[in-house]
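Going down the list, the sequences are from chains A and B.
Residue numbering for the first sequence follows the numbering used here, beginning at 16 and increasing consecutively.
Residue numbering for the second sequence follows the numbering used here, beginning at 84 and increasing consecutively.
For glycine and all other residues, C-beta sits at the position ideal for the given N, C-alpha and C.
Single-structure report; data block below.
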Amino acid sequence: MTPQDKRGSSHPTSSLADHFLKRPEMTWHDQLVWLLHLGATMEHALMVQYLYAAYSIGGKQVPAHHHKKVKEWQESILAVAREEMGHLLTVQNVLTFLGAGFNVSRGQFPWGIEWFNIEPFCMGSLACYVNAEMPESEDFPEREEIEALVKHHLKKDALPVHPVAEIYREIMTLLADKKRIPESAFQPDTYPLQASWDEWGRGYKPAPRPLDASGNLVKAEPEVVKQAQFDSNMLIFQVGTRTDALAALKAVSIQGEGIENSKKEDEWTHFHRFIKIFREFKEIQSSDWSPAAQAAINPTTNPNLQVPDPDGYISCERTRNWAVLLNVRYWMLFRYLSHTFQIVPAGGPGQPNVRAMLMHRIFGEMYQLKALSGKLFQMPLRDVDADPETPREMRIAAGPPFELPSNPRIPVSDVDCWCMHRDSLIASRDACNAILASNPTPDETEYIKTLLALDENTDLWIGQILAGMNSTARY
Amino acid sequence: MKIRALRILPPFAIARLGSANKPQDNYTIVDNPDEPLGYRKIVPATTLQVSEATGEITGAETPKTISFKIDDKIRPVAPFLEVFAVLEDTQQGEGVSGELVPLDDGLLTKLGLNRSSIEWKVSVANRKVMRRTGNLADTVSADTGWFSDHDSHELQGHSDNFVPGGVISFGQVRFILPNQEFGQIRLRFTPAQGLIYGPHRELDPTTGETDPAIDPKRAIYDTSKGWVGFGKDPDTVVNQTLPPSLYAIEPPAPSWLNNNIAASRGYLDDACDGFVEVRLTLPEAEPLAATARICAAPPAVVPDSLFIRSLADDLEQAIHGPQVPKEPYEATRNRALDIVRRAYETVRFMNVAVMNGNNFKGRPALSLDSMPEEEAADTERAIRPVMASGSVDTFGIMTLHEQVFAALRGGAAPWFLKLLRRPDEVADFTDRGRRKMPALMCGADNNYLALTYRQIDTIRRVAQEAPFHIGVSEPELAPAQLTALNLTAQLHYEAMGNPISSRPVTSVANCCPGLEVDFRAVWRRMFKGIVLREYDNLVMDVDPDVTDPAIKALVGQQLLRVRFFGGEEGPAFLMTTPIKGPASSDPDGEIRLTTDLNPHGMAAVEWSNALAAVLRSHQGKTVWCDFTKDLPDDRKEMPQPLIHEPRNYITMQLEVRKFFDDGTVVISKDLASEGELTQGLCSPWQNDYRECSCYYWASSRPDYINVEPAGNGLSKGDNWFQMERTGDYVPDDYVDSRLVLYDELFLQWEHWLRFQVGGKDFMEEASGNPEGASTEKVTGE
């Protein structure tokens with residue numbers, strides 16, 4: 016049986032080592048970069064998965080007396096999603112340190128994989144998240160129940176092995192190998208190009224604590240520890256040495272699943288957050304209500320795509336216009352992000368620079384994705400879902416597709432990058448105009464006009480930058 | 084039908100100083116649907132024409148264009164105050180009808196009364212000098228006495244320390260003559276011209292040279308009294324203000340660049356605050372009366388933008404308390420959107436890189452004015468930029484705020500609740516604390532600005548409930564009813580003819596000391612029996628009628644905490660907060676920042692937030708107040724912590740005064756008398772424009788204007804106070820000759836305070852046009 020055949024069969028796969036074997040055409044450096052790309056891809060996929068689940072939570076079907084609890088779940092999952100973003104940035108930093116390019120791909124794995132469906136929050140998907148993040152050695156009472164739910168949800172007889180922890184182990188093992196990865200493989204001069212917590216962290220870390228007389232941090236108050244489950248601790252490490260890189264990757268992997276004896280008392284691992292939600296959900300779940308919208312799995316705007324779940328195609332045109340807009344904004348985000356890893360901050364040290372301005376735009380796009388996702392969870396997937404004759408329980412909402420182009424690479428030249436951003440604005444404008452032409456509500460019109468105004472300002476800004484670069488290329 | 088009560092609306096009217104011979108035409112500001120992220124649109128509104136001869140309103144028209152100056156003189160805002168009646172329907176019993184109806188000739192006739200039953204009285208004062216010297220004789224006060232004619236009554240300000248015949252004109256008031264078309268009983272307050280008064284002296288007796296900033300007709304202060312030269316000897320300053328030395332001083336200025344020597348030039352201004360009272364004499368019954376407050380303030384030079392936290396926000400908190408009341412979700416959401424909108428309306432006038440504490444073109448940040456610089460000075464620690472210094476540019480930050488606004492408009496739940504600074508975190512100088520929002524600005528307690536609790540709770544509520552409202556068709560909000568019970572409607576009432584700049588929504592609330600009023604002054608007498616200092620928790624005095632020695636002994640002690648119950652259980656509110664900073668040895672750690680003058684590292688928190696919950700539930704009731712005990716004189720200026728073991732405090736039970744007069748939104752006279760709401764402001768106020776930087780009130784005293792994107796992807800623009808607009812920002816170090824300095828303001832403030840519309844210099848027709856000014860006209864179309 017080929018490794019690919021092993022997956023998805025009733026034959027339990029105990030290790031993914033077969034998938035990680037280095038091909039003879041590759042050097043060890045190539046192998047390491049490839050594994051890191053896989054790691055980045057997985058972090059990206061996890062982040063989107065969690066975002067989709069978090070944004071699906073809510074809606075008028077949630078009983079009022081459950082609002083507070085359900086909102087807490089949303090906050091917890093969003094906290095995890097933000098931390099995955101931190102992981103993604105750290106992995107990108109390590110890639111940059113190795114002289115490799117930025118990677119924003121998400122869905123391209125060398126093997127079939129069922130772990131990264133984007134689907135609404137439900138007991139089944141929650142069980143998958145718990146299983147994905149649980150450390151092997153953790154003993155908790157619901158383990159068997161979780162595994163059973165996962166198999167049922169994924170329609171598998173055997174419990175597939177989640178690849179994230181395995182990938183990180185492979186990466187760290189290889190990275191620590193001085194023979195296979197010599198010092199010459201590293202480029203410490205790329206440090207300024209890497210994402211820093213100072214720029215990206217946005218305050219998402221535990222509150223400072225007083226020091227005791229010995230200069231050690233005092234223990235956090237119980238209330239602070241309790242609250243921390245809803246707060247992100249974004250780990251974004253810049254790396255300038257092998258040791259830095261190893262420590263960074265280790266910290267990232269611990270944050271997900273934790274390792275026995277390594278969890279800090281006042282920090283919540285992803286696993287602990289998910290299992291808490293699981294327990295609370297179990298206590299109050301009922302067939303009378305759902306904490307999340309009934310929405311598509313793996314929604315897509317492309318009817319021709321060979322996807323595992325063709326039922327995800329957003330056939331309702333009005334909704335699809337919004338989904339296209341979301342995809343455009345998603346691409347814009349990653350294009351800005353990729354560009355920041357190429358731009359060296361100009362100007363004197365500590366001076367405002369355009370790279371930082373790009374970074375602000377990335378956050379701005381995150382905010383728009385949030386707003387657009389909320390809308391898409393209220394919009395029909397198919398025309399029949401908008402039909403008042405269709406029973407409420409049969410209606411399916413679309414949800415945000417979060418689709419990336421097949422070639423997410425960005426140009427090498429700075430001028431071309433700016434032109435590329437301008438292209439994105441044109442795509443966004445077209446998407447906005449399509450929405451305006453399809454009978455939007457007054458609120459929708461107001462939002463789209465605001466977005467168009469934002470993009471107009473951005474276009475002016477880019478125009479000034481290109482003029483400042485004395486560019487005669489393209490635009 | 085009977086009248087149960089009267090009201091004057093608006094309950095708080097702000098007049099704006101200016102010397103043009105025509106008052107400001109009425110205008111309002113609205114969202115511009117064509118530019119959802121742009122500046123609000125200034126829209127001309129119904130303007131009342133008052134006959135100088137008769138005092139009646141001869142017409143009402145909406146001007147086609149709005150101008151703010153005439154011949155380089157600023158048009159004063161002269162608000163109208165209208166009288167309303169609360170009716171008692173005798174057929175249905177007492178107190179049924181809560182609607183406020185205009186009191187006019189028609190209603191008076193129905194009630195068997197006439198206009199001659201109406202009398203007015205206006206009393207105002209300027210206590211700025213008195214606040215510094217402590218000498219009651221330095222109070223300048225004006226009182227019209229009761230009048231019922233329709234002549235213009237000048238508010239002549241007198242002081243015992245003026246030379247004979249010396250008077251400050253605080254403007255005029257006029258009982259508008261009702262007529263057929265405009266029958267409502269109303270009064271108009273026309274403020275003074277924004278003149279500066281000074282000492283009656285020659286600067287040089289040998290040459291007879293006088294102060295060029297003081298017209299001889301306005302040289303009225305007796306130089307043998309204490310104001311001239313006040314502060315030359317710092318030891319004689321007993322009750323310092325915060326910020327200190329807020330007055331025009333003998334050069335060199337400012338004082339903190341010159342060994343803190345602040346000898347007063349003896350200047351006064353014609354700003355004031357006080358009361359408007361109306362009285363209706365009834366046959367065989369007690370007269371009915373109503374009161375409103377007025378103040379005269381500097382012009383609103385950025386008419387199309389609103390500050391992130393206004394006096395209206397604080398007054399709404401005083402009405403409703405720190406938590407959002409039960410109200411339709413859409414109403415809360417609209418307020419949340421408004422807060423975010425005001426955030427970017429504020430930040431776009433700040434040169435964020437400079438305000439962040441960045442070096443500027445190689446010049447050290449310590450030489451430029453900013454919150455990090457203030458923080459460094461107060462804590463004796465090295466200056467540090469607040470945000471990552473590479474990431475702060477006005478254009479970029481403004482765009483980020485606009486993105487937030489857009490996303491919220493798109494229905495996203497606010498995700499930044501934890502990024503909002505809580506009022507008890509104002510002295511958290513760790514990176515985490517300083518980076519909270521609103522960033523880079525100063526609050527009323529001289530630390531980083533926080534929103535009101537109510538504003539924060541507004542965001543919280545929307546954050547909490549937004550996920551469950553997506554896709555829900557919200558019911559349309561009913562328009563607010565003007566009733567005796569609807570205090571919010573009364574607070575925001577728009578009297579006919581009054582521009583928006585006359586309303587509290589355009590008055591800044593981060594009063595350190597403020598611009599229109601020093602709102603801190605209101606809280607000094609919140610507890611019956613004692614008088615606190617307006618900017619910290621020191622007990623300065625006791626009420627005149629206090630005989631209890633235990634209360635008298637509180638003078639010189641600090642109020643540390645207020646509790647609802649005698650025991651340690653139950654809500655308790657600290658009046659101070661620790662000053663924290665980053666631990667040098669551990670990036671995850673924090674330490675208490677102490678200095679010799681502040682060995683405990685504590686900071687007083689502003690009253691408006693600290694007492695919000697107390698006000699909500701305990702007005703007219705007793706609370707338990709913990710004061711320091713036996714604090715020696717030499718430590719009374721050092722903020723003290725509350726220590727349980729050994730106990731460093733004593734407890735007294737004191738009654739909480741009522742904030743508003745019963746059934747109204749008029750700040751109680753018991754809390755502040757005439758002149759007290761403005762006494763903490765700068766004397767003259769023009770001096771404050773030079774000394775208080777934009778991080779105090781960015782959208783009222785802008786910093787960064789004519790901002791455009793530059794070729795390097797960053798912003799470029801001018802400093803509002805640059806004499807010449809070059810597009811090359813001049814940072815403010817207080818002494819750069821490219822900036823407008825003190826004497827230029829004293830002599831020509833109306834010329835140098837240039838209105839900003841659309842973020843650019845507003846060009847007036849037929850007036851001197853600043854170079855590079857926009858030719859944009861504000862039209863009614």
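- [ ] Along the beta strand (DSSP E) that carries P632(B), what are the first and last residues, could you check?
- [x] Sequence index remark: in the second sequence, residue 632(B) carries index 549 (1-based). No beta strand (DSSP E) holds P632(B); the alpha helix (DSSP H) holding it covers 632 to 635.
TODO: Would you list the residues sitting across from T711(B) in a DSSP beta bridge?
DONE: Your numbering for residue 711(B) matches position 628 in the second sequence. Note: T711(B) sits in a beta bridge opposite Y732(B).
TODO: Under 6 Å Cβ to Cβ from N770(B), same chain only, skipping five residues before and after it: list those, please.
DONE: Locating residue 770(B) in the second sequence gives position 687, where the first residue counts as 1. If we look at N770(B) and ignore the five residues flanking it on each side, its Cβ neighbours are A331.
TODO: Tell me whether the beta-carbon of I292(A) lies closer than 8 Å to the beta-carbon of T315(A).
DONE: The residue given as residue 292(A) occupies position 277 in the first sequence. The residue given as residue 315(A) occupies position 300 in the first sequence. By the CB criterion at 8 Å, I292(A) and T315(A) fall outside the cutoff.
Task: Inter-residue Cα distance where the pair is D511(B) and R224(A) - done: Locating residue 511(B) in the second sequence gives position 428, where the first residue counts as 1. Locating residue 224(A) in the first sequence gives position 209, where the first residue counts as 1. In this structure, the straight-line span from the alpha carbon of D511(B) to that of R224(A) is close to 12 Å.
TODO: Please confirm if S472(B) has its CB atom under 8 Å from at least one CB of chain A.
DONE: Locating residue 472(B) in the second sequence gives position 389, counting from the first residue. Output row for S472(B): interface = yes.
Task: Three or more C-beta pairs below 8 Å linking the stretch 423 to 432 of chain B and the stretch 548 to 565 of chain B - done: Not touching, per the Cβ criterion.
Open item on the list: Determine whether the beta carbon atoms of G672(B) and L250(A) lie at a separation below 8 Å.
Closed with: Looking up residue 672(B) in the second sequence gives position 589. Looking up residue 250(A) in the first sequence gives position 235. Not closer than 8 Å, so no.
Open item on the list: Let me check understanding here. Comparing Cα to Cα, which of V749(B), T761(B), V384(B) lies closest to P596(B)?
Closed with: Within the second sequence, numbered from 1, the residue matching residue 596(B) stands at position 513. That would be T761(B), whose Cα lies nearest to the Cα of P596(B).
Open item on the list: Less than 7 Å between C-beta atoms, sequence neighbours within five positions excluded: which residues of the same chain meet that for Y144(A)?
Closed with: Start at 1 with the first residue of the first sequence, and residue 144(A) comes out as number 129. For Y144(A), where only same-chain residues beyond five positions count, the Cβ hits under 7 Å are F289.
Open item on the list: Suppose the cutoff is 6 Å on Cβ atoms and the five residues either side in sequence are ignored; what does the same chain contact list for E165(B) look like?
Closed with: Counted from its first residue, the second sequence places residue 165(B) at position 82. L92, Q267, R269, A578, listed in sequence order.
- [ ] List the endpoints of the continuous alpha helix (DSSP H) containing E98(A).
- [x] Start at 1 with the first residue of the first sequence, and residue 98(A) comes out as number 83. For E98(A), the enclosing alpha helix (DSSP H) starts and ends at 82 to 112.
Open item on the list: What would DSSP say about P386(B), mapped onto helix, strand or coil?
Closed with: By one-based count along the second sequence, residue 386(B) stands at place 303. Reduced to three states, the DSSP call for P386(B) is coil.
Open item on the list: Quick check on the DSSP output: the beta strand (DSSP E) that includes F95(B) runs from which residue to which?
Closed with: Start at 1 with the first residue of the second sequence, and residue 95(B) comes out as number 12. If you look at F95(B), you'll find it in the beta strand (DSSP E) that goes 95 to 99.
Task: Helix, strand or coil at M623(B) according to DSSP, with G and I counted as helix - done: The residue you call residue 623(B) lines up with position 540 of the second sequence. The answer is strand: DSSP assigns M623(B) an E or B state.
Open item on the list: Alpha carbons only, please: which of D438(A), V48(A), F286(A) is nearest the one belonging to S268(A)?
Closed with: Taking the first sequence and counting its residues from 1, the one referred to as residue 268(A) is at position 253. Just measuring C-alpha positions, the residue of D438(A), V48(A), F286(A) sitting nearest S268(A) is F286(A).
Task: Under 7 Å by beta carbon: chain A residues contacting R515(B) - done: Counting from 1 along the second sequence, the entry for residue 515(B) is found at position 432. Going along chain A in sequence order, the residues near R515(B) (Cβ under 7 Å) are G218, A222, P223.
- [ ] Grab the span of the beta strand (DSSP E) containing R87(B) for me, first residue to last.
- [x] Counting from one through the second sequence, the residue named residue 87(B) turns up at place 4. In the DSSP annotation of this structure, the continuous segment of the beta strand (DSSP E) that includes R87(B) starts and ends at 85 to 92.
- [ ] Keeping to the same chain, check which residues put their C-beta closer than 8 Å to that of R245(A); ignore five residues upstream and five downstream.
- [x] Position 230 of the first sequence, counted from the first residue, corresponds to residue 245(A). Correcting the residue type first, residue 245(A) is Phe in the shown sequence and not Arg. Around F245(A): E87, E90, S91, A94.
Open item on the list: Tell me which residues share the same chain as V126(B) and place their Cβ nearer than 8 Å to its Cβ, disregarding the 5 neighbours each side in the sequence.
Closed with: For this step, residue 126(B) is matched to residue 43 along the second sequence. Same-chain partners within the cutoff: Y110, T111, I112, V113, G863.
Task: C-alpha distance - D507(B) paired with D232(B), whole-angstrom precision - done: In the second sequence, the residue the question calls residue 507(B) occupies position 424. In the second sequence, the residue the question calls residue 232(B) occupies position 149. Approximately 51 Å, taken between the alpha carbons.
TODO: Using the DSSP secondary-structure output, state which residues sit across from I726(B) in a beta bridge.
DONE: Along the second sequence, read from residue 1 onward, the residue named residue 726(B) stands at position 643. Bridge pairing for I726(B): absent [DSSP].
Task: The beta strand (DSSP E) enclosing Q132(B), as first and last residue numbers - done: As a working mapping, residue 132(B) is identified with position 49 in the second sequence. For Q132(B), the enclosing beta strand (DSSP E) starts and ends at 130 to 133.
- [ ] Take R90(B) as the anchor and find which of V246(B), L371(B), Q831(B), L340(B) has the nearest alpha-carbon.
- [x] On the second sequence, position 7 is the one that residue 90(B) refers to. Taking only the C-alpha atoms, the option nearest R90(B) is L371(B).
Task: Contact list for P550(B) against chain E, beta-carbon separation under 7 Å - done: The structure shown contains no chain E; its protein chains are A and B.
TODO: Taking only runs that begin and end inside the stretch 804 to 835 of chain B, name each unbroken alpha helix (DSSP H) of 4 or more residues, in chain order.
DONE: Unbroken alpha helix (DSSP H) runs of no fewer than 4 residues, entirely contained in the stretch 804 to 835 of chain B, are found at 825 to 835, following chain order.
Task: Reduced DSSP category for R543(B) - H, G, I as helix; E, B as strand; rest coil - done: For the purposes of this step, residue 543(B) is taken as the residue at position 460 of the second sequence. Looking at R543(B) - three-state DSSP - the assignment turns out to be helix.
Open item on the list: Distance cutoff 8 Å, beta carbons only. Does W476(A) sit that close to anything in chain B?
Closed with: In the first sequence, the residue the question calls residue 476(A) occupies position 461. Closer than 8 Å: yes.
TODO: Give the residues from the stretch 454 to 481 of chain A that approach chain B closer than 7 Å (Cβ to any Cβ), ordered along the chain.
DONE: If the cut-off is 7 Å between Cβ atoms, the stretch 454 to 481 of chain A has E461, Y462, K464, T465, L466, A468, L469, N472, L475, W476, Q479, I480 near chain B.
Task: Three-state secondary structure (DSSP) of D187(B) - done: Here residue 187(B) refers to the residue found at position 104 of the second sequence. Looking at D187(B) - three-state DSSP - the assignment turns out to be strand.
Task: DSSP bridge partner residues for M372(A) (one or two, in chain order) - done: Residue 372(A) sits at position 357 when you count from the first residue of the first sequence. For M372(A), DSSP assigns no beta-bridge partner whatsoever.
- [ ] Compare the C-beta of T482(B) against all C-beta atoms of chain A and say whether one is closer than 8 Å.
- [x] If you number the second sequence from 1, residue 482(B) lands on position 399. Yes - at least one Cβ of chain A is within 8 Å of the one on T482(B).
Open item on the list: Taking the beta carbon of E264(B) as the centre, do at least 16 other beta carbons fall within 10 Å, making it buried, or is it exposed?
Closed with: For the purposes of this step, residue 264(B) is identified with residue 181 of the second sequence, where counting begins at 1. Its Cβ having fewer than 16 others within 10 Å, E264(B) is exposed.
Task: Whole-Å CB distance - T734(B) paired with D753(B), under 8 Å assumed - done: In the second sequence, residue 734(B) corresponds to position 651, counting from 1. In the second sequence, residue 753(B) corresponds to position 670, counting from 1. At roughly 24 Å, the Cβ-Cβ gap does not stay under 8 Å, so T734(B) and D753(B) are not in contact.
Open item on the list: Only counting the same chain, and skipping five residues up and downstream in sequence, which positions put a Cβ closer than 6 Å to that of N341(B)?
Closed with: Position 258 of the second sequence, counting from 1, holds the residue named residue 341(B). Excluding the 5 residues flanking it on each side, N341(B) has same chain C-beta neighbours closer than 6 Å at P335, in chain order.
TODO: Helix, strand or coil for K891(B), going by three-state DSSP, please let me know.
DONE: Here chain B has residues from 84 to 864 only, and residue 891(B) is not among them.
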